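Participant:
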Amino acid sequence: MARKKPMDGEFIAFNVVYEDGSLSSNRKVPTSSLDGADDTDNARAVIEAQDRDIAEKSGRPRGRVKTIGRVK
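If you're matching positions, the sequence shown starts at 2 in this note's numbering and goes up one per residue.
1) Is the distance from the Cβ of Thr32 to the Cβ of Gly10 below 9 angstroms?
2) Pull up the DSSP beta-bridge partners for Lys73, would you.
3) In terms of alpha-carbon separation, which member of Ser26, Asp21 and Leu35 lies closest to Asp72?
4) Which whole runs of the alpha helix (DSSP H) in the segment 39-71 are 4 residues long or more, in chain order?
5) What's the gap between the Cα of Asp21 and the Cα of Glu49?
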């Protein structure tokens with residue numbers, strides 16, 4: 002069985018907990034949009050923008066983000 006190719010580092014995954022208690026695991030954020038120093042703040046902005054786009058398309062708004070944690 003062949004091994005999987007390693008990820009080339011285009012995305013970093015984050016777990017997101019919303020204020021209503023729901024969890025969204027492995028949300029992908031492009032590494033190009035992260036600063037390095039405070040990547041969770043930048044990731045929060047990207048994820049909130051993704052949520053707005055999804056809510057607009059689906060017609061179902063998502064709750065506010067409570068916490069964001071980087072997947073290790």
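Virtual Cβ for every residue (Gly too), placed ideally from N, Cα, C.
Just so you know, these numbers come straight off a predicted model, no measurement behind them.
Facilitator: From the atom records:
1) In the sequence shown, counting from the first residue as 1, residue 32 sits at position 31. In the sequence shown, counting from the first residue as 1, residue 10 sits at position 9. Against a cut-off of 9 angstroms, the Cβ pair of Gly10 and Thr32 comes out as a contact.
2) As a first step, residue 73 is located in the sequence shown; it is residue number 72 there, counting from the start. For Lys73, which the question treats as bridged, DSSP gives no partner whatsoever.
3) Here the question's residue 72 lines up with position 71 in the sequence shown. Strictly speaking, residue 72 in this sequence is Val, with Asp absent from that position. The shortest C-alpha separation from Val72 is found at Ser26.
4) 40-59
5) The sequence position of residue 21 within the sequence shown is 20, counting from 1. The sequence position of residue 49 within the sequence shown is 48, counting from 1. The straight-line gap from Cα to Cα measures roughly 15 angstroms.
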